[in-house]
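Each remark here refers to the structure printed beneath this line.
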Ligand code: 13P
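Numbering (this note's numbering), first residue to last: 12 to 264.
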């Protein structure tokens with residue numbers, strides 16, 4: 012039985028004062044939820060604050076990106092070891108905003124994915140198609156290519172230590188979430204594709220959905236057999252919304 016996982020992706024939002032209110036609210040809201048794991052992926056400057064506030068809670072924390080090198084003359088970069096230093100358990104890899112705004116490719120995402128595993132972090136590997144690609148019936152091709160960029164390089168067993176996230180680009184930040192069935196169809200495709208290489212890995216890997224998730228649509232998403240959790244943007248910035256989504260995950264297990 013796969014556990015439910017709710018991950019907040021704060022993106023480039025937050026301040027020391029606002030984070031304190033948000034994190035303390037989340038800690039209080041999820042402390043008695045035992046059937047769901049909650050993670051917040053915060054901007055780098057707030058990792059220290061997340062670590063000190065969340066240390067004794069049942070909320071884990073992580074980052075939204077990282078460099079694939081462990082050190083070196085790379086101005087502006089943050090290494091996997093630095094994330095580990097701050098107690099991170101998870102790191103988002105290959106988010107569509109990184110792919111589109113910062114020219115991340117399948118190759119660079121795969122290198123980061125591998126470096127995260129080597130550092131003992133759980134990569135949350137993002138995949139998803141644009142609206143144009145969906146309308147051209149290319150969803151399986153695009154998601155399959157992104158998934159294969161990991162499996163072909165590293166083999167299916169690395170997915171025992173990773174989380175996958177299907178985030179259709181047209182649903183991210185748009186108020187137009189995928190329907191539960193649309194998401195389920197792609198999650199099923201992902202699992203079947205992994206299953207061609209290793210059936211037990213395919214049935215164990217957690218596959219999250221992301222894109223305009225709210226407390227109002229979370230329960231229907233969680234009711235789908237292959238949706239094991241969600242990657243939440245805007246709704247992770249509000250205590251009631253994030254906690255509401257965690258509660259919806261908690262009752263579905
Ligand atoms: P929204 O929930 O704001 O649509 O963002 C989704 C996302 O990109 C999470 O990684």
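Where is the CB? At the ideal position from N, CA and C, for every residue including glycine.
None of the values given here were measured: they were computed from a predicted structure.
1) If you compare alpha carbons, which of 157, 249, 63 and 88 is closest to residue 79?
2) Verify the contact flag: residue 245, CB atom, against every heavy atom of ligand 1, threshold strictly below 7 Å.
3) Roughly how many angstroms separate the alpha carbons of residue 164 and residue 118, rounded to a whole number?
4) Which stretch, first to last residue, makes up the alpha helix (DSSP H) that contains residue 93?
5) Roughly how many whole angstroms lie between the Cα atoms of residue 91 and residue 125?
6) Using DSSP's beta-bridge definition, name the partner residues of residue 134.
7) Taking the alpha-carbon positions, what's the residue 149 to residue 244 distance?
8) Are there any heavy atoms of ligand 1 lying less than 7 Å away from the beta-carbon of residue 25, as far as the coordinates show?
9) With three or more beta-carbon pairs closer than 8 Å as the criterion, would you say the stretch 247 to 264 touches the stretch 16 to 31?
10) So what's residue 15 in DSSP terms, helix, strand or just coil?
11) By a C-beta neighbour count over all protein chains shown, 10 Å radius and 16 as the cutoff for buried, is residue 198 buried or exposed?
12) Could you check whether the stretch 225 to 235 touches the stretch 189 to 203, counting it as contact only if at least three pairs of C-beta atoms, one from each stretch, sit closer than 8 Å?
Well, looking at it:
1) Locating residue 79 in the chain shown gives position 68, counting from the first residue. Minimum Cα distance to residue 79 is reached at 88.
2) Within the chain shown, numbered from 1, the residue matching residue 245 stands at position 234. Indeed, a heavy atom of ligand 1 lies less than 7 Å from the Cβ.
3) By one-based count along the chain shown, residue 164 stands at place 153. By one-based count along the chain shown, residue 118 stands at place 107. Between residue 164 and residue 118, the C-alpha separation is close to 10 Å.
4) Stepping through the chain shown from its first residue, residue 93 is reached at position 82. That run of the alpha helix (DSSP H) goes 91 to 96.
5) Taking the first residue of the chain shown as position 1, residue 91 is located at position 80. Taking the first residue of the chain shown as position 1, residue 125 is located at position 114. Their Cα atoms are separated by approximately 10 Å.
6) As a first step, residue 134 must be located in the chain shown, where it is residue number 123. 102, per the DSSP bridge assignment.
7) Translated into the one-based positions of the chain shown, residue 149 becomes position 138. Translated into the one-based positions of the chain shown, residue 244 becomes position 233. Cα to Cα, the separation comes out at about 25 Å.
8) For the purposes of this step, residue 25 is taken as the residue at position 14 of the chain shown. No, the Cβ of residue 25 stays beyond 7 Å of every heavy atom of ligand 1.
9) yes
10) Mapped onto the chain shown, residue 15 falls at position 4. The answer is strand: DSSP assigns residue 15 an E or B state.
11) To locate residue 198, count along the chain shown from 1; it is residue 187. Its Cβ being crowded by 16 or more others within 10 Å, residue 198 is buried.
12) yes
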